[in-house]
Structure formats: C-alpha cells, structure tokens
Amino acid sequence: MPSGRSEPSAHQADSEPAIELSALDAAAAWRRIADSLVAAAVSSRHAFHLLSVATVDADGAAESRTVVLRGFDEATREVRFHTDLRSGKAAAIRRDARVGLHWYAPEARLQIRIPATASLHHADDIALHAWRASQPMSRACYTAAHAPGAPLASFPVAPSAPAAGDDTGLANFCVVRCRFESVELLALHATGHERVRIDVTSNPVTWTILAP
Ligand SMILES: Cc1cc2nc3c(=O)[nH]c(=O)nc-3n(C[C@H](O)[C@H](O)[C@H](O)COP(=O)(O)O)c2cc1C
8 MPSGRSEPSA
18 HQADSEPAIE
28 LSALDAAAAW
38 RRIADSLVAA
48 AVSSRHAFHL
58 LSVATVDADG
68 AAESRTVVLR
78 GFDEATREVR
88 FHTDLRSGKA
98 AAIRRDARVG
108 LHWYAPEARL
118 QIRIPATASL
128 HHADDIALHA
138 WRASQPMSRA
148 CYTAAHAPGA
158 PLASFPVAPS
168 APAAGDDTGL
178 ANFCVVRCRF
188 ESVELLALHA
198 TGHERVRIDV
208 TSNPVTWTIL
218 AP
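Numbered per the numbering used here, the sequence shown spans residues 8 to 219.
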C-alpha cells in the first residue's frame, strides 16, 4: 500500500518523456524502459510508480488491482511489489503463479505490459530485507487485525504507524517477485502507433515489431 508519505525521488525527472520506438533499436528501447522502471521504484511521483497486477483466481477469472512498484532488476529480470500474505492476490499466486503487469503513462502515451511468473517471499531474507527498508507507515498496513477483503461491520480505523523496531506486521508481510522474459511496449503517436515485444532473454535483446 502507499504510505502517504513522500518517498525519496530519483535523480531522473519524474515525468516520463514520450518515446519514438522507430528512432531506436531494441537495446536502446530496453535501456530506456529499464532505467525508467528503476527510477519509478524509488519515486512516488514517477509515472510508473503504480502498476496493475492481474492474477487468475480459483475459477479461472482474471482479477487486477493497483500496487506500488518496489523494485525493478534488469539483471534478474524481475519486478517486485509488497503485499499482505493474507490477501486474495497472494492466494491466487500460490495457486497459479502467472501474472500480468501493466503500466500506462498518459503524458508519454506509453503502455508497458509484462507477462511474468510470481513467487511469494515471506519470512525469508528477501522479506526481512524489504521489511527493514520500508517506512513505518507502510508497515502499519500489515498490522491490520483483519485480512484484506474480510467483510466488516463498519469502516476500520487506520492502523497507527508502528514504532521503529516493532515487527508486529512482519508475520503478514510478503515480497512478490515477478520474473519475466519479455516486455511489450505500445507508444501512441499521431503519425502512427508503435508496438513492439522485446525479448530480454538474449544479449543483446531483440524485438518483434507488432501491429498496434
Ligand atoms: C494507489 C494504490 C496503491 C496500492 N498499493 C498496494 C500495494 O503495494 N500492495 C498491495 O497489496 N495492495 C496495494 N493496494 C491495494 C490493492 O489495490 C488491493 O485493493 C488490495 O491489495 C487487495 O487486493 P486483493 O484482494 O486482490 O489481494 C493499492 C491500492 C491503491 C489504490
């Protein structure tokens, strides 16, 4: 969940400039997107700081929701976000690890879609490291008595920020790592929309130009 506090911003400008794919090659386009997503993970003002994550529920239906981008690693080809272990999305991922990640930056008129395979990290080194690095207000969400989605008789009071060193929420805290092999971009232009699928498993990366 967003903490409501402003987080440290990246050196890169927060607005996402438009991208002209036809003026780039696959490697240059991938460089641009990877740099943007790294910056977006550390700046709450970045156009790509929030993303939609789609999962497959028990009936095979698609479900999507907004999450905060917490990490992007080009080398391991992964996107990370945090969630509550008790949430519906965590249960969905345990059943079916396939997820769809989606961003759209209206200023740049750029859509990013990443099909990925998710894994949950709870009570391991990855979870502990992320927990230690998170803001007290972000940790507060994980101290809620009721699981996300549980029916309630009335609206709950916001949980207060835990004191430094209070690890009450850690039992519910979970890092989701989403591993991917390709990234799809759609750049909208009056002169002609540009869509590509970048295969990031090869070095240098390659792309396929697709009908928009
Ligand atoms: C701006 C925004 C940011 C959010 N960030 C997160 C997040 O980082 N992690 C998370 O689990 N839920 C986040 N949420 C809440 C989810 O969208 C969702 O409502 C909640 O996690 C329950 O989803 P589920 O029942 O599908 O698991 C965010 C919601 C909004 C509106």
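Where is the CB? At the ideal position from N, CA and C, for every residue including glycine. Every value quoted in this text rests on a predicted model; they were computed, and no experiment measured them.
- In the DSSP secondary-structure assignment, E85 is bridged to D80, R186.
- Not one heavy atom of ligand 1 is found less than 6 Å from the C-beta of V60.
- A distance below 6 Å between beta-carbons, with the five flanking residues on each side excluded, links I121 to the following residues of its chain, in chain order: L108, F187, V190.
- For L31, the three-state secondary structure derived from DSSP is coil.
- For F180, the pairing in a beta bridge is given by DSSP as D91.
- P158 carries a coil assignment under DSSP once its states are collapsed to helix, strand and coil.
- Measuring C-alpha to C-alpha distances from A123 to each of H136, Y111, V106 identifies V106 as the nearest.
- Remark: the shortest separation between the CB of G78 and any heavy atom of ligand 1 does not fall under 6 Å.
- Here C181 is near H129, since their CB atoms are less than 7 Å apart.
- Around H56, the same chain offers A47, A48, S50, V75, L76 as residues with beta carbons nearer than 8 Å, after the five sequence neighbours per side are excluded.
- Counted as a single uninterrupted DSSP element, the stretch harbouring R116 is not any alpha helix (DSSP H), since DSSP gives it neither H nor E.
- Three or more Cβ pairs drawn from the segment 167 to 174 and the segment 142 to 157 lie within less than 8 Å of each other, which places the two stretches in contact.
- By the Cβ criterion, the segment 66 to 75 is not in contact with the segment 27 to 47, since fewer than three pairs of Cβ atoms, one from each stretch, lie closer than 8 Å.
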